[in-house]
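> Pasting a structure below so you can have a look.
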C-alpha cells in the first residue's frame, strides 16, 4: 500500500517552495551587488515604514488595552493582580507585539507589494524596465525586501511601546496606578533576553513579507484576476510564514536558554 | 511552402545588427517558432507580418532576452544574447528601444518622469538642464510637448503610444522594436504613428523590427517583410512582392484589410 503519492497539489507546493527559495537566493546574489538603489530604498522605507505608523500605533494601543483588561480578572482570581504590568510587559514584548504587528504588516504591506508589482507585471511595465537596461529585480524587488526587513523591527518596537501605554490606560480603568510605578514594574519583569530574540525574529518576519509579496507580484499572470490572486496569496503565505518563523524562533531561543 | 525570392535590395553588403539562427520555441505542445531564421541589417526596417498568435511577439521577446528560446541563437549588435551576464545584457539593452503594444508607460509617473527615468539611470551625472533638453527634444519629436506633466491615465491611446515611442527613443537606441505599433488606433492616428516610425529612422538612423498585422503599417514602414506562419518564415520580400503574390495564404492579409 502506498503511504504517500505525489499529487498535483504536492507537486505545486514543492515547485512553489523551490521557486520562492530561488527568488530569495537571487535577492542575495543580485540585490546585494552594486549599483545600489539608495533613493528608491529611502522612498520604500518611507512608504512601507512611515506610512504604516498610524495603523500599527492604533492596533498596538488596542492590543495593550485589551490584553490588560482580559488578564486582570484571571489574575484577581489567583490573587496576583499586582503582577499585571510585568505579565503584560512580557507578553507584549516577547510574543504578542512582534506577531500581531507582523500580521498587520503582512496584511497592509504584503498585499500592497503583491498588487503593485502584479499590476506592473501584467501591464508589461516590468518588461519595459528590463528592456531599457534597468534591472527590475534590483530596482523593484531588492529595495522592497530591504525596506520590509528594516522597517518591521522599528515598527514592532514602536508598537510595543504604544501597547504598553495602552496597557497603562487599561490598568487605570479599574484602579489608580502612577505612570512611573507602572513602567518600573514593566521593566522589572523584562531583561535583554526578552527583548533581543523578539526583535531579531521581526527581521525574519519582515524579510518573509518582502520576499513573498515581491515573488507573488513579480510572477503574477492572468491579467487583473492574477493581480488579485497575487495580493491575496501574498498575505496568506506571508502570514503562515510568520507563524512558522515564530515557531522556529521560540525553539531556537529555548535551546539557547533565552526563554527563562 | 511559397517562398518568394527577396527583392529587398543589396542588403548583403550592409552590416547585420540582428541575426536569429534556428530559433525554436514552444509552449506545452504548441510550437510557436520552428527553426526560424532572420537577419536585420543596419538602418533597415524589417516588418514581421503574421496573424494574431502566430508568435511575432514571442520572436521579439526572444531577441531582446525577455524570453528564453528552447534552442537556437540570437545575436544582437554582435553579442550572443544567451551568453551574456545580467549586467552585460542590461548594458546591451541601453542600445535597444522597445515600443510595447500596451505602451507599458509607468502609470505612477508623469510623462516627464517616464522620460527622465531611463536618462537618469544610464547617463549618471548629467545636468538637469541637459536632461530637460533631452525630454523636450523627445516630446518635440512626437509633437506632444504639452503633455509633460500629465499622467499616463490622462492620455488618449494615440498620445500614450507617441509618449511610449518618445521614451523608447530617448536613449538614442541603435535598434528599435515596435510591437503592434498601430493596434487599436484609429486610421488617422495609425498613419501618424507610421510617419513617426519613418521619421525616427531618418533622424536617428535606427534599424527596426516592426511586428504587425496591419497592412497599411507594412506598406508605409517596411523595407523588407517576413511573413511568419506556423512558426516558420513563409515568405520574405518587399511589400510589392506581397501585393503581387498569388499565394492564398498571403492574399488573405490583403483581403481582410480591404
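Chains as they are written, first to last, in the UniProt record's numbering: chain A, 1 to 260; chain B, 1 to 258.
C-beta: ideal position from N, C-alpha, C; glycine also.
Quick check on this structure: which residue in 178/B, 122/B, 183/B, 212/B has the alpha carbon closest to the alpha carbon of residue 197/B?
Mapped onto the second chain, residue 197/B falls at position 197. When 178/B, 122/B, 183/B, 212/B are compared, the shortest CA-CA separation from residue 197/B is found for 178/B.
> Tell me the DSSP secondary structure of residue 33/B in three-state form.
As a working mapping, residue 33/B is identified with position 33 in the second chain. If DSSP states are grouped into helix, strand and coil, residue 33/B belongs with the strands.
> How close, in whole Å, do the beta carbons of residue 193/B and residue 60/B come, if the pair is a contact with beta carbons under 8 Å?
Taking the first residue of the second chain as 1, we reach residue 193/B at position 193. Taking the first residue of the second chain as 1, we reach residue 60/B at position 60. With a Cβ gap of about 17 Å, residue 193/B and residue 60/B do not count as contacting.
> For the region 178-200 of chain B, which residues have a CB atom closer than 7 Å to at least one CB atom of chain A, in sequence order?
none
> Taking a Cβ distance cut-off of 7 Å, strictly less, list which residues of the region 71-94 of chain B are near chain A, in chain order.
If the cut-off is 7 Å between Cβ atoms, the region 71-94 of chain B has 86, 90, 91, 93, 94 near chain A.
> Whole angstroms is fine: what's the gap from residue 170/A's alpha carbon to residue 209/A's?
For the purposes of this step, residue 170/A is taken as residue 170 along the first chain, with counting starting at 1. For the purposes of this step, residue 209/A is taken as residue 209 along the first chain, with counting starting at 1. Cα-Cα distance, rounded: 32 Å.
> How many angstroms separate the CA atom of residue 238/B from the CA atom of residue 20/B?
Residue 238/B sits at position 238 when you count from the first residue of the second chain. Residue 20/B sits at position 20 when you count from the first residue of the second chain. Taking the straight line from one Cα to the other gives about 20 Å.
> When you compare only the Cα positions, how much space is there between residue 73/B and residue 253/A?
Along the second chain, read from residue 1 onward, the residue named residue 73/B stands at position 73. Along the first chain, read from residue 1 onward, the residue named residue 253/A stands at position 253. Going by the C-alpha atoms only, they are around 54 Å apart.
> Any beta-carbon of chain B closer than 8 Å to the one on residue 40/A?
Taking the first chain and counting its residues from 1, one reaches residue 40/A at position 40. Not one chain B Cβ lies under 8 Å of residue 40/A.
> Between the region 123-130 of chain B and the region 156-167 of chain A, do at least 3 Cβ pairs fall closer than 8 Å?
no
> By the three-class DSSP mapping on this structure, what secondary structure does residue 149/A have?
Numbered from 1 along the first chain, position 149 holds the residue referred to as residue 149/A. Note: residue 149/A maps to helix in three-state DSSP.
> Looking at the secondary structure, which residues open and close the alpha helix (DSSP H) in which residue 108/B lies?
Working through the second chain from its first residue, we reach residue 108/B at position 108. Counting along the chain, residue 108/B falls outside any alpha helix (DSSP H), and DSSP gives it neither H nor E.
> Among the candidates 52/A, 226/A, 130/A, whose CA atom is the shortest distance from the CA of residue 104/B?
The sequence position of residue 104/B within the second chain is 104, counting from 1. Checked all of 52/A, 226/A, 130/A; the closest Cα to residue 104/B is 130/A.
> Would you say the region 107-124 of chain A touches the region 15-27 of chain A, given that touching needs at least three Cβ pairs under 8 Å?
With fewer than three CB-CB distances shorter than 8 Å, the region 107-124 of chain A does not count as touching the region 15-27 of chain A.
> I'd like to know if residue 224/B contacts chain A, where contact means its C-beta is closer than 8 Å to some C-beta of that chain.
Against the second chain, residue 224/B aligns to sequence position 224. Output row for residue 224/B: interface = no.
> Just to make sure I have the definition right: I need the residues of chain B whose C-beta is within less than 9 Å of the C-beta of residue 8/A. Which are they?
Within the first chain, numbered from 1, the residue matching residue 8/A stands at position 8. Per Cβ cutoff of 9 Å: no residues; residue 8/A is ~16 Å from chain B at best.
> Are the beta-carbon atoms belonging to residue 77/B and residue 174/B less than 8 Å from one another?
Counting from 1 along the second chain, the entry for residue 77/B is found at position 77. Counting from 1 along the second chain, the entry for residue 174/B is found at position 174. Yes, Cβ-Cβ distance for residue 77/B and residue 174/B is below 8 Å.
> Any C-beta of chain A sitting closer than 8 Å to the C-beta of residue 112/B?
For the purposes of this step, residue 112/B is taken as residue 112 along the second chain, with counting starting at 1. No, its Cβ sits nowhere closer than 8 Å to a Cβ of chain A.
> Exposed or buried, which one is residue 257/A when buried takes at least 16 other CB atoms within 10 Å?
If you number the first chain from 1, residue 257/A lands on position 257. The residue in question, residue 257/A, is exposed, as its Cβ has fewer than 16 Cβ neighbours within 10 Å.
> For residue 41/B versus residue 64/B, is the C-beta distance shorter than 8 Å?
Within the second chain, the letter at position 41 stands for residue 41/B. Within the second chain, the letter at position 64 stands for residue 64/B. No.
> Quick one: Cα of residue 219/A to Cα of residue 33/A, how far?
On the first chain, position 219 is the one that residue 219/A refers to. On the first chain, position 33 is the one that residue 33/A refers to. Answer to the nearest angstrom: the Cα atoms are 22 Å apart.
> Output the distance between the C-alpha atoms of residue 110/A and residue 158/A, rounded to the nearest integer angstrom.
Counting from 1 along the first chain, the entry for residue 110/A is found at position 110. Counting from 1 along the first chain, the entry for residue 158/A is found at position 158. Looking at the two C-alpha atoms, the distance is approximately 20 Å.
> Taking all protein chains shown into account, decide if residue 173/A is buried (16 or more other Cβ within 10 angstroms of its Cβ) or exposed.
Numbered from its first residue, the first chain carries residue 173/A at position 173. Counting Cβ neighbours within 10 Å, residue 173/A comes out exposed, since fewer than 16 surround it.
> For a contact defined as C-beta to C-beta under 7 Å, what are the partners of residue 221/A on chain B?
For this step, residue 221/A is matched to residue 221 along the first chain. Going along chain B, no residue has its Cβ under 7 Å from residue 221/A, so there is no contact; the nearest lies around 13 Å.
> Note down, in chain order, every chain A residue with its Cβ under 7 Å from the Cβ of residue 121/B.
Along the second chain, one-based indexing puts residue 121/B at 121. Those are 134, listed as they occur along chain A.
> From 186/A, 237/A, 212/A, 155/A, pick the residue whose C-alpha is nearest to that of residue 68/A; which is it?
Looking up residue 68/A in the first chain gives position 68. For the set 186/A, 237/A, 212/A, 155/A, the Cα lying nearest the Cα of residue 68/A is the one of 186/A.
> Looking at C-alpha atoms only, which residue of 136/A, 146/A, 74/A is the closest neighbour of residue 202/A?
As a first step, residue 202/A is located in the first chain; it is residue number 202 there, counting from the start. Comparing Cα positions, the closest option is 146/A.
> Give me, in chain order, the residues of the same chain whose beta-carbon lies closer than 6 Å to that of residue 216/A; leave out the 5 immediate sequence neighbours on both sides.
As a first step, residue 216/A is located in the first chain; it is residue number 216 there, counting from the start. Counting only Cβ-Cβ distances below 6 Å, and skipping sequence neighbours, we find 114, 230, 233, 234.
> First and last residue of the beta strand (DSSP E) that includes residue 22/B?
In the second chain, counting from the first residue as 1, residue 22/B sits at position 22. Where residue 22/B is concerned, the enclosing beta strand (DSSP E) stretches over 16-27.
> Given that a residue counts as buried once 16 or more other Cβ atoms are within 10 Å of its Cβ, and exposed if not, what is residue 260/B?
Only positions 1 to 258 of chain B appear in this structure, which leaves residue 260/B out of reach.
> Just the Cα atoms here: how many angstroms apart are residue 3/B and residue 137/B?
The count along the second chain starts at 1 and reaches residue 3/B at position 3. The count along the second chain starts at 1 and reaches residue 137/B at position 137. Note that residue 3/B scores a pLDDT of 38, beneath 50, so its modelled location is shaky; the value from the coordinates is reported in the next line. The alpha-carbon atoms of residue 3/B and residue 137/B are separated by roughly 43 Å.
> Between residue 101/B and residue 183/B, which are expected to be in contact by the criterion C-beta below 8 Å, what is the C-beta distance as a whole number of angstroms?
Along the second chain, one-based indexing puts residue 101/B at 101. Along the second chain, one-based indexing puts residue 183/B at 183. 6 Å between Cβ atoms; contact.
> Which one of 160/A, 189/A, 207/A has the shortest CA to CA distance from residue 56/A?
Along the first chain, read from residue 1 onward, the residue named residue 56/A stands at position 56. Of the listed residues, the one whose Cα sits closest to residue 56/A is 160/A.
> What ranges does the alpha helix (DSSP H) occupy inside the region 196-260 of chain A, keeping only unbroken runs of at least 4 residues that lie completely in it?
Secondary structure remark: continuous alpha helix (DSSP H) runs of at least 4 residues inside the region 196-260 of chain A, in chain order: 223-255.
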